[in-house]
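Asks: Sharing a structure below in structure tokens format, with a few things to ask.
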Amino acid sequence: MSGRGAMARVRLRLLGLVFVVVIALLVATSVAVYQKVFTPVVSVLLRTDHVGNQLQAASDVKARGLIVGEVRQIRTRGDGAELELALQPDKVGLLPKNVSARLLPKTLFGERYVNLVLPERPAAEHLAAGDVIDQDRSSSAIELERVLSDLMPMLQAVQPQKLASTLTAVSQALQGRGEDLGDTLVRLNSYLAEFNPHLPTLEADLRELATLADTYQTAAPDLIQALDDATVTSRTIAEQRANLEALYGGVTTAAQDLTGFLRANKDNLIRLTEASRPTLELLAEYAPEYPCLLKGLTDFKPVMDKAFGAGTDEPGLHVTLEITVNRGKYRPNQDEPEYRDKRGPRCYDEYPAPQYPPDGPIRDGSTPPPAGTSTGGSVLGTAGSADATSPSAAAVGAGSGLGLPNSPQERGFLASLLAPQLGVSPQQVPGWSSLLVGPLYRGAEVTLK
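The opening position of the sequence shown corresponds to residue -17 in my numbering, with each subsequent residue numbered one higher.
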């Protein structure tokens, strides 16, 4: 019995050992099947400068969105990393030998995968076991990788719950509005298509805007000073608000009163304007005379100051008496005042007196005295001298040629005659001497020796 028992225990132990071995083989087989050890693959090598933490073993290998293999192993080297890719044999024929690879994330927060990029001009040969694939170094690939690399730290800094709330709100806002959003994008595309030809003009405007900004920057201190001054003005207006309100009220009242006055007297104003037209036309006709008249009034002031002794030790009226020709007594039906002077605007010198102008006295209806032969002064708007048949012209022809008695011409002539006898210059001969000797010489012939 002891021998049978021993044999039974040995057999049971052997059966247990076989069972353990079988279980181990089953586990090993399951692991091998999971690791696709028995799956035929084409192994190729991918060389890249870095892989990041999101790329792990067993990550997908895709080509145009189709899974064509997986990452079996990741090894590091001095200047980068090497990835062993296990490609499916039935998909290798779709991949040319000059294919390149990009490491892209599946989602913003997901793991990375290997994306095989087919070139525009694929090679005639396809990938084979042991081939080496280089990382895509085109500008678009580098920019895409840089964008994703820069975006990841920013997304990690954002609180996930807030980001989730934002994305949920955006999703709810866009839900059911796909068609409207599509129409908006189409319309935006048409706008941009029309706007693109005007981009050079926009660039030129932006350059001019930069120049304008520089100009404003240069003028900024002056603008700031102007604003400061405007602040003072605004403060003054605010302080004088009550006075301004009173002023505006007064102006409003005055405007209302003026409106009522104009409304009530509009016909009178029209008639006044119509009645004033002949007067205004007459004033316009004599307009050339106004400068001379004003100048004469201005020059008359120092003459009057001298006549009244202004600034001298002899204040009072200083006059010079001159004896003129008797105008005769008043004659009815001959000396009635009337205005018959139609010579228009004219200007005379201060000497001789304006009541005896060189072109004849003012024609006021009276009989004028004989006039002198002086040609001083000028007539505005006239051509020629006085009519030779007028009384003035006749008097001149019959006179002595020295003008009126005691006139400046006569005084000057008598001064030149008396100066040698008195031993003085003609300017020093007294003015009243013409009153004494004038009647003696008048009408006589004088000879100078």
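Virtual Cβ for every residue (Gly too), placed ideally from N, Cα, C.
#1: In terms of DSSP beta bridges, what is residue 108 paired with?
#2: Are residue 342 and residue 320 touching if we call contact CB-CB under 8 Å?
#3: Pull up the DSSP beta-bridge partners for residue 42, would you.
#4: Would residue 33 pass as a contact of residue 85 if the rule is Cβ separation under 8 Å?
#5: Between which two residues does the beta strand (DSSP E) holding residue 97 run?
#6: In the structure shown, what three-state DSSP assignment does residue -14 receive?
#7: What do you get for residue 77, buried or exposed, if any count of 16 or more other CB atoms within 10 angstroms of its CB means buried?
#8: From the DSSP output, read off the bridge partner residues of residue 64.
#9: Could you check the C-alpha separation between residue 67 and residue 15 for me, to the nearest Å?
#10: Could you check what DSSP says for residue 441 in three-state terms: helix, strand or coil?
#11: In three-state DSSP terms, what is residue 5?
#12: Kindly indicate the opening and closing residues of the alpha helix (DSSP H) around residue 114.
#13: Residue 299 and residue 292 look like a contact to me (Cβ under 8 Å); what is the Cβ gap, rounded to whole Å?
#14: Less than 8 Å between C-beta atoms, sequence neighbours within five positions excluded: which residues of the same chain meet that for residue 219?
#15: Bridge partners of residue 24, per DSSP?
#16: Which term fits residue 75, buried or exposed, when burial requires 16 or more other beta carbons within 10 angstroms of its beta carbon?
#17: Within the chosen definition, does the stretch 37 to 46 reach the stretch 92 to 109 through at least 3 CB pairs nearer than 8 Å?
#18: Pick helix, strand or coil for residue 419, following the three-state DSSP scheme.
#19: Answer yes or no: do residue 59 and residue 114 have a C-beta to C-beta separation smaller than 8 Å?
#20: Report, in whole angstroms, the separation of the C-beta atoms of residue 82 and residue 117, which I expect to be a contact under 8 Å.
#21: In or out: residue 393 buried (at least 16 other Cβ within 10 Å) or exposed?
#22: So residue 392 is in the alpha helix (DSSP H); what residue range does that whole segment cover?
#23: Please state if the CB of residue 317 and the CB of residue 345 are separated by a distance shorter than 8 Å.
#24: Could you tell me which residues DSSP pairs with residue 87 in its beta bridges?
#25: Candidates 73, 401, 212: which alpha carbon is nearest residue 24's?
#26: Please state whether the Cβ-Cβ distance between residue 107 and residue 79 is less than 8 Å.
#27: Measuring CB to CB, does residue 27 end up less than 8 Å from residue 64?
#28: Evaluate residue 330 with the Cβ neighbour count: other Cβ atoms within 10 Å of its Cβ, from every protein chain shown; 16 or more gives buried, anything less gives exposed.
#29: Hey, which unbroken runs of the alpha helix (DSSP H) at 4 residues or more fall wholly within the stretch 139 to 197?
#30: Looking at residue 100: is its Cβ nearer than 8 Å to the Cβ of residue 45?
#31: Can you grab the Cα-Cα spacing for the pair residue 70 / residue 166, in whole Å?
#32: So for residue 380, helix, strand or coil by DSSP?
#33: Looking at residue 256 and residue 327, is the spacing between their C-beta atoms short of 8 Å?
#34: How would you write the range of the alpha helix (DSSP H) that residue 263 sits in, first residue to last?
Replies: Taking the geometry as given:
#1: 78
#2: no
#3: 52
#4: yes
#5: 94 to 99
#6: helix
#7: buried
#8: 29, 57
#9: 18 Å
#10: Within the shown structure, residues of the chain are numbered from -17 to 431, placing residue 441 beyond reach of any answer.
#11: helix
#12: Looking at the DSSP string, residue 114 is not in any alpha helix (DSSP H); the run it does join, the beta strand (DSSP E), is 114 to 116.
#13: That pair is no contact at about 11 Å.
#14: 226
#15: 69
#16: exposed
#17: yes
#18: helix
#19: no
#20: 7 Å
#21: buried
#22: 390 to 404
#23: no
#24: 94
#25: 73
#26: yes
#27: yes
#28: buried
#29: 142 to 156, 160 to 177
#30: yes
#31: 44 Å
#32: Residue confidence for residue 380 is low, a pLDDT of 33 falling below 50, so the modelled location carries little weight; the figure read from the coordinates is stated next. If DSSP states are grouped into helix, strand and coil, residue 380 belongs with the helices.
#33: no
#34: 223 to 267
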